[in-house]
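Chains as they are written, first to last, in the working numbering: chain A, 3 to 208; chain B, 3 to 208. Glycine included, every Cβ here is placed at the ideal spot set by N, Cα and C.
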DNA sequence: TAGATTGTTAATCGATTAACAATC
DNA sequence: TAGATTGTTAATCGATTAACAATC
């Protein structure tokens, strides 16, 4: 536990967290490694092995208690607090992100939304009001924001990324298809459904 | 080449495809394994190894020609044709997806959009017009659609997924946080930025 | 007790990486 | 020639899986 998790283990634990959160919303109280496997496409043995590395969380013959397993995984991933993030872009995608429960469900709070279009300033989207783009650096500092989500066109993505980095953001979620140049201490996650689709199609076609 | 790719190799090749597509748009003609590594966070040796398993595509001292490497990877992934997909949900997220170039850039064509809201029928979003939900099964058959993208609230996601499966769709992209039950021959990809964020935060915090 | 499911072992396979000769 | 970068080897490490005793 003193050691850092490997990338693979951390990624899988996050996915278990998602399944458990949803299963709880559906009213379930217990879940088996086999059920988690069906939702995640991760082998059931691997799931049990991942979990048993941190303790004996399950009951033989019964499965895992969802509430207590959620707590254990949150402890392991150190994700029990609230995290503030900034959203850049209040267009259709930005609005969709801001009004989705996906982030709030996991303790992630969209603390500020920025847009360069003066017509959008002041609009309420989700639970926040769109702010002047010039206030970005102050908001990042004041609200202790380390994550920025880019919901802007590819043509503006690099500019916005540069501004986020200058403001002190360390993790960028890029929803455009652009490639971003950032310093080595900044992590970029580019979401590209087309890439995932090509890869899913390969396995369908072969 | 007669063998099926492993999941890991296919996933990485898809990501190289994305980087090459964007690098070409930026006017580059050559790229090194080191440059691809910077954009993908995949080790440069691994990239060269992945590619050299299929042929000698690079030039020592020079790098890879982007156009020809694109062609080679498309051949390996068998993704040279056009693919028709169906989009369910013409709300903000659906509109954002339909008007993004991300799919078109990779030869994926949003061939039909459906919504249950009668007020949206007939609206143009992206290059398509929103159709009556009741036409889903016919469109899937007529347009040879095997991929469905769900841009609906979590509360409707299972219903829409069931309808897609009944219509013959084999790959579902789920943009809601809901867990979906599908037959074993249907693949579900759930996109959850919050899960990725938790995992990125772990590595930032440790 | 009978059935179910965990926790764990053991074996295999693929991913990862450093290093470097080959060669453009 | 000098510098750069590929293609490939070799070694290590983590992921994956089947199998099954333990035990709820």
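Any chain B beta carbon closer than 8 Å to residue i
i, result
"residue 167 (chain A)", "no"
"residue 110 (chain A)", "yes"
"residue 135 (chain A)", "no"
"residue 114 (chain A)", "no"
"residue 3 (chain A)", "At residue 3 (chain A), the pLDDT of 39 sits below 50, so the modelled position is not reliable; the number obtained from the coordinates is stated separately. No, because no Cβ of chain B sits closer than 8 Å to the Cβ of residue 3 (chain A)."
"residue 53 (chain A)", "no"
"residue 131 (chain A)", "no"
"residue 107 (chain A)", "yes"
"residue 21 (chain A)", "yes"
"residue 24 (chain A)", "yes"
"residue 66 (chain A)", "no"
is_contact[residue i, chain A] using C-beta, thresh 8 Å
i, result
"residue 194 (chain B)", "yes"
"residue 185 (chain B)", "no"
Chain-ordered chain A contacts of residue i [CB-CB under 9 Å]
i, result
"residue 198 (chain B)", "13, 16, 175, 191 and 193"
"residue 80 (chain B)", "203, 204, 207 and 208"
Nearest residue (CA-CA) to residue i, options the options
i, options, result
"residue 114 (chain A)", "A:134, A:42, A:98 and A:168", "A:134"
"residue 39 (chain B)", "B:31, B:52 and B:148", "B:52"
"residue 149 (chain B)", "B:33, B:86, B:45 and B:13", "B:86"
"residue 47 (chain B)", "B:41, B:161 and B:35", "B:35"
"residue 152 (chain B)", "B:94, B:201 and B:146", "B:94"
"residue 109 (chain B)", "B:157, B:190, B:84 and B:26", "B:84"
"residue 157 (chain B)", "B:119, B:178, B:33 and B:204", "B:178"
"residue 189 (chain A)", "A:42, A:180 and A:171", "A:171"
"residue 192 (chain B)", "B:105, B:159, B:60 and B:20", "B:159"
"residue 216 (chain A)", "A:11, A:141 and A:196", "As shown, chain A starts at 3 and ends at 208. That puts residue 216 (chain A) outside it, with no answer to give."
"residue 127 (chain B)", "B:143, B:65 and B:97", "B:97"
"residue 208 (chain B)", "A:78, A:58, A:17 and A:195", "A:78"
"residue 122 (chain A)", "A:33, A:101, A:136 and A:91", "A:91"
"residue 22 (chain A)", "A:49, A:8, A:143 and A:200", "A:49"
"residue 29 (chain A)", "A:194, A:145, A:168 and A:67", "A:67"
"residue 111 (chain A)", "B:58, B:73, B:196 and B:19", "B:196"
"residue 143 (chain A)", "A:120, A:161, A:82 and A:169", "A:169"
"residue 120 (chain A)", "A:106, A:136 and A:105", "A:136"
"residue 72 (chain B)", "B:6, B:181, B:194 and B:27", "B:27"
"residue 63 (chain A)", "A:9, A:70, A:33 and A:102", "A:33"
Nearest-angstrom beta carbon gap, residue j and residue i [assumed within contact, 8 Å]
i, j, result
"residue 130 (chain A)", "residue 124 (chain A)", "That belief does not hold up - the Cβ atoms of residue 130 (chain A) and residue 124 (chain A) are roughly 11 Å apart, past 8 Å."
"residue 174 (chain B)", "residue 186 (chain B)", "Contact doesn't hold; Cβ gap of about 13 Å is too wide."
"residue 165 (chain A)", "residue 138 (chain A)", "6 Å"
"residue 75 (chain A)", "residue 15 (chain A)", "5 Å"
"residue 204 (chain A)", "residue 17 (chain B)", "Not a contact, Cβ separation roughly 13 Å."
"residue 88 (chain A)", "residue 147 (chain A)", "5 Å"
"residue 19 (chain A)", "residue 200 (chain B)", "7 Å"
"residue 70 (chain B)", "residue 56 (chain B)", "So it is not a contact: roughly 12 Å between Cβ atoms."
Helix, strand or coil at residue i [DSSP, three-state]
i, result
"residue 201 (chain B)", "helix"
"residue 4 (chain B)", "The predicted position of residue 4 (chain B) is uncertain, since its pLDDT is 49 and thus under 50; a value taken from the coordinates is nonetheless stated next. Residue 4 (chain B) falls in the coil class under three-state DSSP."
"residue 65 (chain B)", "strand"
"residue 189 (chain B)", "strand"
"residue 117 (chain A)", "strand"
"residue 137 (chain B)", "helix"
"residue 180 (chain A)", "coil"
"residue 175 (chain A)", "strand"
"residue 78 (chain B)", "helix"
"residue 87 (chain A)", "strand"
"residue 55 (chain A)", "coil"
"residue 96 (chain A)", "helix"
"residue 153 (chain A)", "coil"
"residue 33 (chain B)", "strand"
"residue 44 (chain B)", "coil"
"residue 127 (chain A)", "strand"
"residue 60 (chain B)", "strand"
"residue 147 (chain B)", "coil"
"residue 110 (chain A)", "strand"
Within chain B, partners of residue i - CB distance below 8 Å
i, result
"residue 103 (chain A)", "156 and 179"
Interface partners of residue i on chain A, CB under 8 Å
i, result
"residue 94 (chain B)", "94, 95, 97, 98 and 101"
Under 9 Å from the C-beta of residue i: neighbouring residues of chain B
i, result
"residue 6 (chain A)", "204, 205 and 208"
Beta-carbon neighbours of residue i, restricted to chain A and to distances below 7 Å
i, result
"residue 172 (chain B)", "206"
"residue 148 (chain B)", "206"
Residue i Cβ short of 7 Å to the ligand GDP heavy atom set
i, result
"residue 108 (chain B)", "Within the structure as shown, the ligand GDP is missing, as the structure has no ligands at all."
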